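I have placed the structure first, in the form of structure tokens, so that the comments after it can refer back to it.
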Amino acid sequence: LGLTLIFSEKRKNSLDYEDTVNADSNYILIQLSYPEDEYEKYYSFIEFSDVKKSGNINKYKFHLSKKEFIVKSKDEEVKCLFNISDEKFNEIKEVLERIISGKNKLTIKE
Numbered sequence: 112l113g114l115t116l117i118f119s120e121k122r123k124n125s126l127d128y129e130d131t132v133n134a135d136s137n138y139i140l141i142q143l144s145y146p147e148d149e150y151e152k153y154y155s156f157i158e159f160s161d162v163k164k165s166g167n168i169n170k171y172k173f174h175l176s177k178k179e180f181i182v183k184s185k186d187e188e189v190k191c192l193f194n195i196s197d198e199k200f201n202e203i204k205e206v207l208e209r210i211i212s213g214k215n216k217l218t219i220k221e
């Protein structure tokens with residue numbers, strides 16, 4: 112259980128995890144996993160098509176605008192360029208804010 116946001120080169124409105132990771136295209140998947148019992152904690156994770164870069168989101172900073180999504184680490188920057196509606200932007204913004212909540216790692220340009 113949780114939230115998942117996928118940025119992919121594929122031009123489908125809806126991709127599931129299997130479609131994304133098995134595709135021959137680049138992607139960024141950001142996920143918040145909810146705890147299954149009282150002993151677990153929330154866990155935020157980022158996965159790239161280049162799996163070696165994947166891991167906990169705490170080592171990344173994120174920037175979202177209506178034209179791009181940027182993921183920065185200390186060594187690298189990955190950009191996703193797009194042109195989205197206000198409605199889609201607000202949807203993405205809401206999900207990102209929930210996944211990256213309270214970590215001061217997300218900047219948003221409206």
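Number 140 in the numbering used here belongs to position 29 of the sequence shown; there are no gaps in the numbering.
Just so it is clear, CB atoms sit at the ideal spot from N, CA and C, and this is done for glycine as well.
Just so you know, these numbers come straight off a predicted model, no measurement behind them.
*Using a Cβ-Cβ cut-off of 7 Å (strictly less than) and excluding sequence neighbours within five positions of F118, which residues of its own chain qualify?*
Working through the sequence shown from its first residue, we reach residue 118 at position 7. Counting only Cβ-Cβ distances below 7 Å, and skipping sequence neighbours, we find Y138, I139, F180 and C191.
*Consult DSSP for I219 and reduce its assignment to one of helix, strand or coil.*
Along the sequence shown, read from residue 1 onward, the residue named residue 219 stands at position 108. Annotated three-state conformation of I219 is strand, per DSSP.
*So who's on the other strand from F173, going by DSSP bridges?*
For this step, residue 173 is matched to residue 62 along the sequence shown. V182 and L217.
*Count the other CB atoms, across all protein chains shown, that sit within 10 Å of the CB of S155; report buried if there are 16 or more and exposed otherwise.*
Numbered from 1 along the sequence shown, position 44 holds the residue referred to as residue 155. Classification for S155: buried.
*Please name the residue, chosen from L175, K170, K216 and Y153, that lies closest to N201 on a Cα-to-Cα basis.*
Numbered from 1 along the sequence shown, position 90 holds the residue referred to as residue 201. Considering only alpha carbons, the answer is L175.
*Check the DSSP bridge columns for K190 and list the partner residues they point to.*
Here residue 190 refers to the residue found at position 79 of the sequence shown. K190 pairs with I181.
*Buried or exposed: where does E158 fall if 16 or more other Cβ atoms within 10 Å of its Cβ makes it buried?*
Within the sequence shown, residue 158 is the residue found at index 47, counting from 1. Counting C-beta atoms within 10 angstroms of its own C-beta, E158 has 16 or more neighbours from the protein chains shown and is therefore classed as buried.
*If you follow the beta strand (DSSP E) that E158 is part of, which residue opens it and which one closes it?*
Taking the sequence shown and counting its residues from 1, the one referred to as residue 158 is at position 47. Start and end: Y154 to F159.
*Residue range of the alpha helix (DSSP H) that I203 falls in?*
Here the question's residue 203 lines up with position 92 in the sequence shown. D197 to I210 is the extent of the alpha helix (DSSP H) around I203.
_Going by beta-carbon coordinates alone, are I210 and I141 separated by less than 7 Å?_
Residue 210 sits at position 99 when you count from the first residue of the sequence shown. Residue 141 sits at position 30 when you count from the first residue of the sequence shown. Less than 7 Å separates the beta-carbon of I210 from that of I141.
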